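First comes the structure, then the notes that go with it.
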Amino acid sequence: MLSVIGRYLIFLGKLFTRRESLKVYWKRFIDECIGIGVSSVFIVAIVAVFIGAVVCVQTRANLVSPVIPVYVVSNIVRDMTLLELSSTFMCVVLAGKVGSNIAGELGTMKITEQIDALEVMGINSASYLVLPKLLAAVFTFPLLAIISGFLGIFGGYLAGTLSGIITPEDYIYGIRYSFIPFNVFISIIKAIVFGFLISTISAFQGYDTRGGALEVGQASTSAVTNSCIAVLIADYLLAELLT
Amino acid sequence: MIEIKNISKSFNDRMVLDNVSGVFKKGETSLVIGASGTGKSVLLKCMLDLVRPEAGTTLYDGRDFYVGDEEDKKDIRREMGVLFQGGALFDSKTVHENIQFPLDMLTEMGEGEKKDRVEFCLQRVGLEGTGGRMPSEISGGMKKRVGIARAIVMNPKYLFCDEPNSGLDPLTSIKIDELIKEITDEFEITTVVITHDMNSVLSIGDKIMFLHKGKKLWEGNSQTIMGDTVPELEEFVFCNKALSLMRAGR
Ligand SMILES: Nc1ncnc2c1ncn2[C@@H]1O[C@H](COP(=O)(O)OP(=O)(O)O)[C@@H](O)[C@H]1O
Ligand SMILES: [Mg+2]
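Chains X and R, in that order, give the protein sequences.
If you use our numbering, the first sequence corresponds to residues 1 to 243, in order.
If you use our numbering, the second sequence corresponds to residues 1001 to 1250, in order.
Laid out in structure tokens, this is it:
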């Protein structure tokens, strides 16, 4: 366990040493932003709308007391969405999508000697392949978190108003009531940290692959598992730190 | 000229290379032969410094490849071309982009100049007009040709080929072997070919080194290999019935 963490840290060090020219990275960065960020918008949107809707309906169903005003429902939807759903929950979903993709791609490149081919040309393969992915994740995850936060609240609005649980006026009042802008900031910070963890852990798993197709599959699986664990631990630490 | 001196390498206490030395000369196609799992690819990786041996050195025209950091090695790396066992083409790039890749990364050439150079290499390996295809759309033999084109695009002084004809039919194999030999002669390259294919051994071996269980047991050429050698090599060479009949009748 400790030796794995040690090798992970050495791997991180390798990412930032002996880089190629900036021009090379720019194109790779744009490609990865599309591969990692843009292609995840759909799944993030679906998850956010439905989870927002479910939170709204569930909260209403469990808060039937007449002394609690109905706008509390959208108030809860807002806080849940901003604090956990749009960052932690979204990143657990992205660990599955982005993490397995990164580990599978790098694992395949490793076992088919494409990484060796880069190394013999004198290119730092870790930095050339992984740094653009890391930067793309750190750049696009916060944007996805903003989309997710917005759509989560919107999903709650749709479910609440269409089913008649809450009036549009109450819903809007609730999401504005005692709003703390700092929570948006927390969500963005969390997305940046989780983007870093997911991209580097998955890349490390893929990069460490040895053997054949079977091992590539295993690398993808452990990339997802380990990224999820890291995200949850980091979530707890950040919660202690930021609130 | 490439010299390897006393190279030893083990993985988890298992000796894979045991004190291997040898010389590969300029303008010659040298072969490293041996059964599967004897450490041929590991020897190649040691020569390329992808794997660092516990002992020994590799000298490229007298320059020690194991001293200094990656920055110091860049000059020698620019003079190397490598054809990996499976071709190792980048899946996400077209054939043309694959061949152009070293030029993009390592030179300051203009776009037109790069294009011409890639076209020249494509034509040299007999693949004119396939530059736009993806690696997944071409056959195994074509992949090897593209791999060779990518390996020679920087005008290397040293060319390494790991089992260039594994997985190919006999006719295609011979064509690939001949291509490697022609290119070696034409551009005066120091070429090292790893193989276990007897057809290649007999047709292109200017110089042959035989590895068995990590040790170098014999050295010679395609003529002397048919004569008296060592028992392990005889077993390797004459496992083919036709060859052993030919030998009995000589
Ligand atoms: N990175 C590695 N870690 C552990 N063992 C290895 C590694 N690379 C090669 N080996 C072992 O070294 C031996 C020689 O392998 P190799 O050089 O690939 O054989 P071949 O002569 O067929 O090319 C094999 O038994 C292989 O399992
Ligand atoms: Mg091999």
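Heads up, the beta-carbon is just placed ideally off N, CA and C, and yes, glycines get one too.
As the structure is a computational prediction, the values presented were derived from the model and not from experiment.
Between the C-alpha atoms of methionine 1142(R) and serine 87(X) there is a straight-line separation of about 47 Å. The beta carbons of threonine 140(X) and cysteine 33(X) sit about 6 Å from each other, so the pair counts as a contact at 8 Å. Residue environment for asparagine 1098(R): buried (at least 16 other C-beta atoms within 10 angstroms of its C-beta).
For the set Leu134(X), Asn226(X), Leu144(X), Trp26(X), the Cα lying nearest the Cα of alanine 48(X) is the one of Leu144(X). Shown here, aspartate 1169(R) sits in coil according to DSSP, grouped into three states, outside any helix or strand. Between isoleucine 1148(R) and valine 1118(R), the C-beta gap is not smaller than 7 Å, which leaves the two residues out of contact. Listed along chain R, the residues sitting closer than 8 Å to valine 120(X) by beta-carbon distance are Leu1048, Leu1050, Arg1077, Met1080, Val1082.
For glutamate 113(X), a Cβ of chain R is located within less than 7 Å of the residue's own Cβ. Contacts between aspartate 116(X) and chain R, judged by CB atoms closer than 9 Å, involve Lys1045, Leu1048, Leu1050, Val1082, Phe1084, Ala1088 in chain order.
The beta carbons of isoleucine 198(X) and valine 98(X) sit about 6 Å from each other, so the pair counts as a contact at 8 Å.
In this structure, alanine 223(X) lies away from alanine 45(X), with their beta-carbon atoms at least 7 Å apart. Contact note: valine 24(X) reaches chain R through Asp1104, Met1105, using a C-beta cutoff of 9 Å and chain order.
As DSSP reads the structure, aspartate 1064(R) sits in a beta bridge with Leu1059(R).
Relative to ligand 1, the beta carbon of valine 1016(R) is positioned inside 6 Å of a heavy atom. Taking the Cα positions, leucine 1059(R) is about 39 Å away from serine 220(X). Straight-line spacing of the CA atoms in tyrosine 236(X) and tyrosine 207(X) works out to 28 Å.
If you draw a straight line from the Cα of asparagine 101(X) to the Cα of valine 57(X), it is about 34 Å long. With its beta carbon at least 7 Å from every one in chain X, lysine 1093(R) lies outside the interface. Chain-order list of chain R residues neighbouring isoleucine 10(X): empty, with the shortest C-beta distance near 15 Å, by a criterion of under 9 Å. When DSSP assignments are scanned along the stretch 67-132 of chain X, no uninterrupted stretch of beta strand (DSSP E) that is 3 or more residues long falls wholly within it.
The nearest non-hydrogen atom of ligand 1 is 6 Å or more from the C-beta of glycine 107(X).
When 7 Å is used as the limit between beta carbons, isoleucine 102(X) is near no residue of chain R, the shortest such separation being about 13 Å. With a cutoff of 6 Å, glycine 1037(R) counts as near ligand 1, since its C-beta is closer than that to a heavy atom of the ligand.
As the crow flies, the alpha-carbon of methionine 90(X) is around 8 Å from that of serine 148(X). Proximity of chain R to glutamate 215(X) at the Cβ level (cut-off 9 Å) is not reached, the minimal Cβ distance being about 16 Å. Rounded to the nearest angstrom, the Cβ distance from serine 1203(R) to isoleucine 1180(R) is 11 Å, too far for a contact under 8 Å.
Inclusion of glutamate 1071(R) and lysine 1207(R) in the CB contact set at 7 Å is not warranted, their separation being larger than that value. Within the stretch 144-176 of chain X, not one residue has a Cβ closer than 8 Å to any Cβ of chain R. Looking at the backbone, the Cα of leucine 135(X) and that of phenylalanine 29(X) are separated by about 7 Å.
Under the three-state reduction of DSSP output, lysine 1115(R) falls in the helix class. In this structure, lysine 110(X) has its beta carbon at no less than 6 Å from each heavy atom of ligand 2.
Beta-bridge partners of valine 1023(R) (DSSP): Glu1003(R). The DSSP-derived three-state label of valine 1016(R) is strand. Residue environment for proline 1170(R): exposed (fewer than 16 other C-beta atoms within 10 angstroms of its C-beta). By the criterion of a C-beta distance shorter than 7 Å, glycine 156(X) is surrounded in its chain by Gly52, Ala53, Val55, Cys56, Ser74, Val77, once the five residues flanking it on both sides are discounted.
With a threshold of 7 Å between beta carbons, lysine 1074(R) makes contact with chain X.
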